[in-house]
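Take a look at the structure below.
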Ligand SMILES: [Zn+2]
């Protein structure tokens with residue numbers, strides 16, 4: 019039985035590593051890893067990502083989903099990785115009540131954030147300056 | 109191309125509201141909207157006898173009413189059993205998918221008369237549960253799990269837009285100010301007060317006087333941040349409601365009315381669900397593709413439009429929509445709104461019914477709710493919000509989720 023792309027992605031994430039897929043046809047990189055390119059449908063190969071990028075957009079969530087009631091407010095960002103993929107992650111290391119201190123274009127680094135979601139602890143994608 | 113002509117011979121909707129329908133279920137709202145649609149048919153119609161099939165948009169009945177299998181259930185409540193009936197779902201554009209199913213069913217020649225509808229009974233859940241239900245339209249793994257909410261996704265689009273064009277949140281406030289004004293003219297709108305009227309009421313309670321509408325939006329604690337930079341008045345409300353339209357083929361339409369609307373053009377578009385998989389954060393590609401197809405099938409350009417309904421689930425969405433539909437160029441929305449281009453008396457009125465912001469957004473009902481507005485504007489029955497220019501051609505633009513689905517329909521008299 020071979021492992022699914024997402025199972026691999028989350029297993030790697032739990033271990034603190036970020037993986038993606040690079041299209042063998044067009045070269046586009048996507049996160050999380052996936053069997054086919056979302057741009058051209060070509061076959062992909064799984065790659066390790068360095069986890070360095072810049073913030074392309076961010077928001078501060080003040081009305082969270084129920085499972086994150088105790089975590090709000092928190093910052094979410096879309097980060098453009100050096101390898102080209104855009105990734106959504108939690109932005110840590112800033113005060114969510116001072117959004118004016120976060121700058122679009124700032125360089126950030128990937129970190130796997132362990133967070134309580136109900137009863138279980140899960141790793142999610144996060145970035146910090 | 110449409111092989112056969114498709115006509116709208118009737119339309120109806122409930123009021124969109126958080127209070128009015130507290131004691132009603134989705135199926136009852138559908139009945140209410142259908143009864144109004146029946147009344148709107150000039151020469152009369154008997155649903156049981158005339159309607160051959162039924163298509164219904166409802167985004168998450170499983171969440172709100174512990175109910176799936178909406179198609180035949182609605183047929184039962186409308187007295188349409190055993191006609192073919194099924195539910196369509198593309199998030200907030202679910203009833204546009206129903207309309208599309210109805211259009212293709214009639215255009216193919218398969219049926220002469222079909223009923224299309226949309227409904228969402230949202231207020232049965234607490235706000236935080238509704239937030240969860242709406243988040244089902246985003247990518248569960250890449251977005252919801254990381255903490256994204258529906259307003260949060262549009263806030264990310266807003267930030268990217270602000271950054272690219274050097275505009276501010278203050279400039280964006282022309283959208284809710286306009287839409288609340290329009291809503292104040294619409295007896296079926298969720299909010300029928302201008303922001304000025306709301307500011308006065310809130311001000312009295314707090315013992316504050318606001319200089320103008322923008323002062324209130326900027327400085328009132330009432331307008332709290334939901335997902336920075338978007339605040340309460342940047343978001344559409346949670347509403348209950350249903351909307352219905354009756355479609356007929358060219359052969360059948362004249363049996364019901366001498367003044368049907370004709371479907372001129374139709375287009376659907378999709379994009380990657382997750383924002384992180386999109387090529388552009390300052391535009392919705394799904395809208396651009398849907399619009400291009402709709403203009404092409406209709407053989408018209410944006411300049412030919414007299415009245416437009418766009419999907420303003422959040423303020424920024426209206427700016428993206430008017431640009432992606434080609435009403436103005438990319439990055440030109442802020443200036444167009446400063447100049448009042450899209451007001452009821454403007455050159456190209458947008459969301460004369462108050463839009464999702466003021467009219468309300470019972471998710472599954474929204475697309476056909478918009479069609480109801482175009483129905484009234486084109487037939488001259490829009491009352492106090494009737495546009496001053498001659499209304500010959502109207503467009504409906506409905507988006508699913510944060511823009512992974514879009515539908516555009518163009519209607520003429
Ligand atoms: Zn590719």
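Residue numbers (the numbering used here), protein chains in the order written: chain L, 19 to 147; chain Y, 109 to 521. Where is the CB? At the ideal position from N, CA and C, for every residue including glycine. Predicted model only: the values in this text are computed from it and were never measured.
Amino acids of chain Y, ordered along the chain, whose beta-carbon sits closer than 8 Å to that of residue i
{"i": "residue 108 of chain L", "result": "254, 255"}
{"i": "residue 48 of chain L", "result": "385"}
{"i": "residue 104 of chain L", "result": "383, 384, 385, 386"}
Proximity below 7 Å, CB of residue i to CB of residue j
{"i": "residue 49 of chain Y", "j": "residue 346 of chain Y", "result": "In the structure displayed, chain Y extends from 109 to 521; residue 49 of chain Y sits before or after that span and is not available."}
{"i": "residue 389 of chain Y", "j": "residue 268 of chain Y", "result": "yes"}
{"i": "residue 23 of chain L", "j": "residue 66 of chain L", "result": "no"}
{"i": "residue 188 of chain Y", "j": "residue 162 of chain Y", "result": "yes"}
{"i": "residue 473 of chain Y", "j": "residue 118 of chain Y", "result": "no"}
{"i": "residue 543 of chain Y", "j": "residue 372 of chain Y", "result": "Absent from the structure is residue 543 of chain Y, since the part of chain Y shown begins at 109 and ends at 521."}
{"i": "residue 415 of chain Y", "j": "residue 442 of chain Y", "result": "no"}
{"i": "residue 352 of chain Y", "j": "residue 141 of chain Y", "result": "yes"}
{"i": "residue 139 of chain Y", "j": "residue 80 of chain L", "result": "no"}
{"i": "residue 229 of chain Y", "j": "residue 348 of chain Y", "result": "yes"}
{"i": "residue 144 of chain L", "j": "residue 121 of chain L", "result": "no"}
{"i": "residue 467 of chain Y", "j": "residue 266 of chain Y", "result": "no"}
{"i": "residue 153 of chain Y", "j": "residue 364 of chain Y", "result": "yes"}
{"i": "residue 141 of chain L", "j": "residue 26 of chain L", "result": "no"}
{"i": "residue 199 of chain Y", "j": "residue 407 of chain Y", "result": "no"}
{"i": "residue 506 of chain Y", "j": "residue 204 of chain Y", "result": "yes"}
{"i": "residue 410 of chain Y", "j": "residue 435 of chain Y", "result": "yes"}
{"i": "residue 59 of chain L", "j": "residue 42 of chain L", "result": "no"}
{"i": "residue 260 of chain Y", "j": "residue 77 of chain L", "result": "yes"}
{"i": "residue 385 of chain Y", "j": "residue 511 of chain Y", "result": "no"}
{"i": "residue 103 of chain L", "j": "residue 34 of chain L", "result": "no"}
{"i": "residue 264 of chain Y", "j": "residue 56 of chain L", "result": "no"}
{"i": "residue 565 of chain Y", "j": "residue 113 of chain Y", "result": "One cannot answer for residue 565 of chain Y here, as it falls past the ends of chain Y, which runs 109 to 521."}
{"i": "residue 396 of chain Y", "j": "residue 432 of chain Y", "result": "yes"}
{"i": "residue 477 of chain Y", "j": "residue 501 of chain Y", "result": "no"}
Chain L contact residues for residue i, given Cβ-Cβ distances below 7 Å
{"i": "residue 380 of chain Y", "result": "56"}
{"i": "residue 329 of chain Y", "result": "Residues of chain L passing the Cβ test: none, with the nearest at roughly 13 Å."}
{"i": "residue 428 of chain Y", "result": "The premise fails here: residue 428 of chain Y is roughly 14 Å from chain L at the closest Cβ pair, so nothing lies under 7 Å."}
{"i": "residue 251 of chain Y", "result": "106"}
{"i": "residue 211 of chain Y", "result": "Neighbours of residue 211 of chain Y on chain L: none; closest Cβ ~29 Å, over 7 Å."}
{"i": "residue 504 of chain Y", "result": "In chain order: nothing, as chain L lies at least about 29 Å away."}
Boundaries (first-last residue) of the alpha helix (DSSP H) holding residue i
{"i": "residue 260 of chain Y", "result": "258-273"}
{"i": "residue 356 of chain Y", "result": "Not the alpha helix (DSSP H): residue 356 of chain Y falls in the beta strand (DSSP E), residues 348-357."}
{"i": "residue 521 of chain Y", "result": "It is not in any alpha helix (DSSP H) - residue 521 of chain Y carries neither H nor E in the DSSP assignment."}
{"i": "residue 241 of chain Y", "result": "235-243"}
{"i": "residue 575 of chain Y", "result": "In the structure displayed, chain Y extends from 109 to 521; residue 575 of chain Y sits before or after that span and is not available."}
{"i": "residue 430 of chain Y", "result": "423-432"}
Proximal residues of chain Y, C-beta to C-beta of residue i below 9 Å
{"i": "residue 92 of chain L", "result": "255"}
{"i": "residue 4 of chain L", "result": "The question about residue 4 of chain L has no answer here: the residues shown for chain L are numbered 19 through 147."}
{"i": "residue 83 of chain L", "result": "236, 239, 240, 243, 252, 255, 256, 257"}
Distance between beta carbons of residue j and residue i, contact taken as under 8 Å
{"i": "residue 146 of chain L", "j": "residue 116 of chain L", "result": "The Cβ separation is near 16 Å, so there is no contact."}
{"i": "residue 424 of chain Y", "j": "residue 221 of chain Y", "result": "That belief does not hold up - the Cβ atoms of residue 424 of chain Y and residue 221 of chain Y are roughly 39 Å apart, past 8 Å."}
{"i": "residue 440 of chain Y", "j": "residue 504 of chain Y", "result": "About 22 Å; that fails the 8 Å criterion."}
{"i": "residue 462 of chain Y", "j": "residue 287 of chain Y", "result": "5 Å"}
{"i": "residue 126 of chain Y", "j": "residue 215 of chain Y", "result": "About 37 Å; that fails the 8 Å criterion."}
{"i": "residue 376 of chain Y", "j": "residue 399 of chain Y", "result": "The pair is not a contact, with the Cβ atoms about 11 Å apart (cut-off 8 Å)."}
{"i": "residue 252 of chain Y", "j": "residue 381 of chain Y", "result": "Not quite, the Cβ-Cβ distance comes to about 11 Å (not below 8 Å), so this is no contact."}
{"i": "residue 426 of chain Y", "j": "residue 283 of chain Y", "result": "5 Å"}
Chain Y contact residues for residue i, given Cβ-Cβ distances below 7 Å
{"i": "residue 26 of chain L", "result": "Residues of chain Y passing the Cβ test: none, with the nearest at roughly 13 Å."}
{"i": "residue 143 of chain L", "result": "254"}
{"i": "residue 86 of chain L", "result": "255"}
Element boundaries [beta strand (DSSP E), containing residue i]
{"i": "residue 505 of chain Y", "result": "501-508"}
{"i": "residue 195 of chain Y", "result": "193-196"}
{"i": "residue 125 of chain L", "result": "125-135"}
{"i": "residue 313 of chain Y", "result": "Counting along the chain, residue 313 of chain Y falls outside any beta strand (DSSP E), though it belongs to the alpha helix (DSSP H) covering 303-314."}
{"i": "residue 144 of chain L", "result": "138-146"}
{"i": "residue 224 of chain Y", "result": "221-229"}
{"i": "residue 111 of chain L", "result": "From DSSP, residue 111 of chain L is part of no beta strand (DSSP E); its letter is neither H nor E."}
Closer than 8 Å at the beta carbon, the chain L residues around residue i
{"i": "residue 260 of chain Y", "result": "77, 79, 94"}
{"i": "residue 416 of chain Y", "result": "Residues of chain L passing the Cβ test: none, with the nearest at roughly 27 Å."}
{"i": "residue 507 of chain Y", "result": "None at all; the shortest Cβ gap to chain L is about 19 Å."}
Where residue i meets chain L, residues with beta-carbon distance less than 9 Å
{"i": "residue 336 of chain Y", "result": "76, 77, 78, 79, 80, 91, 93, 114, 117"}
{"i": "residue 263 of chain Y", "result": "75, 76, 77, 78, 79, 94"}
{"i": "residue 510 of chain Y", "result": "Under the 9 Å cutoff, chain L gives no residues; its nearest Cβ is about 11 Å from residue 510 of chain Y."}
Q: Check each residue of the region 55-80 of chain L: if its Cβ is closer than 9 Å to any Cβ of chain Y, include it; give the result in chain order.
A: 56, 57, 74, 75, 76, 77, 78, 79, 80
(Q) So if I threshold CB-CB distances at 9 Å, which residues from the region 366-391 of chain Y count as touching chain L? (A) 380, 382, 383, 384, 385, 386, 387, 389
Q | Under 8 Å (Cβ pairs) to chain L, residues found in the region 267-291 of chain Y | A | Taking 8 Å as the Cβ-Cβ cut-off against chain L, the residues of the region 267-291 of chain Y that qualify are 267, 268, 271.
Q. Between the region 237-248 of chain Y and chain L, which residues of the former have CB atoms less than 8 Å from a CB of the latter, in chain order?
A. 237, 239, 240, 243
Q) Going along the region 471-498 of chain Y in order, which residues come within less than 8 Å of chain L, judged by CB to CB distance? A) So nothing in the stretch comes that close.
(Q) If the cut-off is 7 Å on Cβ atoms, which residues from the region 341-356 of chain Y count as contacting chain L, listed in chain order? (A) none
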